[in-house]
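Residue numbers (the numbering used here): 19 to 454. Heads up, the thing below is written out as structure tokens.
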Ligand SMILES: NC(=O)c1ccc[n+]([C@@H]2O[C@H](COP(=O)([O-])OP(=O)(O)OC[C@H]3O[C@@H](n4cnc5c(N)ncnc54)[C@H](O)[C@@H]3O)[C@@H](O)[C@H]2O)c1
């Protein structure tokens, strides 16, 4: 097989479509691994930044992008006719939900149409976006075959879910084993050979559908377990028991337990969204996805529960939510990242403002609140000064960024609602802290 030889000798050229949180680290791995690589994106701004040697993702330092440029092995473009130049096409475009909480497949469809236009014999196409089981076979393949070329005979097709965990200090794209599925042995062989050159280990599965379902199982597992601890949090709170203490104690069991942590709600482009891709597909088979729906219900309710705790906290000081000044710390969906997609902070702002509160936020990584799927807040991060902390009626920790000095925050806040147990180690001023 010509393509396999080209991959093994690193003479294959790689194209990555979608240069976001998933696509850009992939590009870096392939260039580091000795491959020539072209990054494709519809976003001209991203391409211009990359060409200028700049990063637009906080945990990917600019030096890494400079390294790509200096290697002479990387180019980025919005010109998709250059897909003809590459041998392997990896697709990492968004898979959000639409207004009705149904899979928005437009990015995959548009990309497939584009690839189909330029597809040539002998190329490998791999979808990496998280999606419902059947997407590669039922949706992508027919569009690619509009080119007149046939899968297996003329081109190879596989699915390999991305397991990127932005800013995880222990694991990176290279060190996370990669599941690969295809519906014919040649495609599977090509795709596993490709990832084996740069990723620590590949895990072949028997079909694209099995690989798609694997990714969903991983994310559903997280969503359900987070919902479980969120429910435990509410029950134990009513009983006057600290859920954080209980989780810490339970975590000492050396087998059969894995800690998950409660919070103000789910965030990010994966956990709040991917489970509903299975729900949507399961309807075709007359199957309800009860665990997913129940977890979704509990997790979706979390920001409302946190607001209720803020109301109770203000009440202790004889204040009402209407007319109060609230400062939220952390806009990103999780600590130490610069991504606000689906962040529970956005929902918190919406509910608090609806209740008549004046809301500010601080996030060192989100200087200006970007427009996202459901929200377009016109807000800028306020400075985290002693004065700002003091002037607000309540400070709410929504995201527990490591750079925050929690001792100082507690010392200067009048009242503090902590959704992440970020102040767990703070000794002084505990009477001002309410966990939520
Ligand atoms: N972010 C994560 O941590 C993570 C982890 C695992 C899996 N995933 C999955 O990976 C996929 C991509 O997620 P992401 O976080 O990288 O998204 P992202 O929004 O950061 O990046 C997607 C990129 O695709 C580009 N794009 C959109 N339409 C395009 C098109 N038609 N052609 C070319 N480029 C196009 C966008 O401009 C953007 O740069 C999603 O399916 C997501 O669920 C994400």
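All residues carry an ideal CB built from backbone N, CA and C; glycine is no exception. Note that the coordinates shown come from a computational prediction; the quantities given were computed from them, not determined experimentally.
Does ligand 1 have even one heavy atom less than 7 Å from the beta-carbon of residue i?
{"i": "residue 148", "result": "yes"}
{"i": "residue 192", "result": "no"}
{"i": "residue 288", "result": "yes"}
{"i": "residue 11", "result": "Outside the displayed span of the chain (19 to 454) sits residue 11, for which this structure offers no information."}
{"i": "residue 181", "result": "yes"}
{"i": "residue 48", "result": "no"}
{"i": "residue 216", "result": "no"}
{"i": "residue 113", "result": "yes"}
{"i": "residue 60", "result": "yes"}
{"i": "residue 292", "result": "yes"}
{"i": "residue 352", "result": "no"}
{"i": "residue 229", "result": "no"}
{"i": "residue 273", "result": "no"}
{"i": "residue 110", "result": "yes"}
{"i": "residue 184", "result": "yes"}
{"i": "residue 91", "result": "no"}
{"i": "residue 125", "result": "yes"}
{"i": "residue 40", "result": "yes"}
What do you reckon, are the CB atoms on residue i and residue j nearer than 8 Å?
{"i": "residue 110", "j": "residue 146", "result": "yes"}
{"i": "residue 428", "j": "residue 452", "result": "no"}
{"i": "residue 285", "j": "residue 320", "result": "no"}
{"i": "residue 418", "j": "residue 440", "result": "yes"}
{"i": "residue 325", "j": "residue 364", "result": "no"}
{"i": "residue 297", "j": "residue 307", "result": "yes"}
{"i": "residue 125", "j": "residue 113", "result": "yes"}
{"i": "residue 344", "j": "residue 411", "result": "yes"}
{"i": "residue 137", "j": "residue 177", "result": "no"}
{"i": "residue 51", "j": "residue 153", "result": "no"}
{"i": "residue 292", "j": "residue 148", "result": "yes"}
{"i": "residue 25", "j": "residue 108", "result": "no"}
Could you tell me which residues DSSP puts in a beta bridge with residue i?
{"i": "residue 380", "result": "347"}
{"i": "residue 176", "result": "144, 200"}
{"i": "residue 95", "result": "58"}
{"i": "residue 33", "result": "56, 107"}
{"i": "residue 7", "result": "Residue 7 lies beyond the stretch modelled for the chain, which goes from 19 to 454, so this question has no answer here."}
{"i": "residue 398", "result": "386"}
{"i": "residue 412", "result": "344"}
{"i": "residue 169", "result": "173"}
{"i": "residue 453", "result": "436"}
{"i": "residue 115", "result": "121"}
{"i": "residue 222", "result": "198"}
To the nearest angstrom, how far is it from the Cα of residue i to the Cα of residue j?
{"i": "residue 230", "j": "residue 92", "result": "29 Å"}
{"i": "residue 377", "j": "residue 191", "result": "37 Å"}
{"i": "residue 250", "j": "residue 262", "result": "10 Å"}
{"i": "residue 219", "j": "residue 76", "result": "27 Å"}
{"i": "residue 385", "j": "residue 399", "result": "5 Å"}
{"i": "residue 120", "j": "residue 265", "result": "34 Å"}
{"i": "residue 346", "j": "residue 165", "result": "51 Å"}
{"i": "residue 71", "j": "residue 449", "result": "49 Å"}
{"i": "residue 300", "j": "residue 311", "result": "12 Å"}
{"i": "residue 281", "j": "residue 248", "result": "7 Å"}
{"i": "residue 48", "j": "residue 302", "result": "38 Å"}
{"i": "residue 128", "j": "residue 334", "result": "54 Å"}
Please list, in chain order, all residues of the same chain as residue i whose beta carbon is under 6 Å from its beta carbon, the five residues on each side excluded.
{"i": "residue 57", "result": "34, 37, 45, 94"}
{"i": "residue 402", "result": "380"}
{"i": "residue 425", "result": "444"}
For residue i, which residues of its own chain have a beta-carbon under 8 Å away from its beta-carbon, when the five flanking residues on both sides are left out?
{"i": "residue 340", "result": "373, 374, 375"}
{"i": "residue 332", "result": "338, 339, 342, 411, 412, 433"}
{"i": "residue 237", "result": "148, 288, 289, 292, 293"}
With a CB to CB cut of under 7 Å and the five nearest residues on each side skipped, what residues in its chain are close to residue i?
{"i": "residue 397", "result": "379, 387"}
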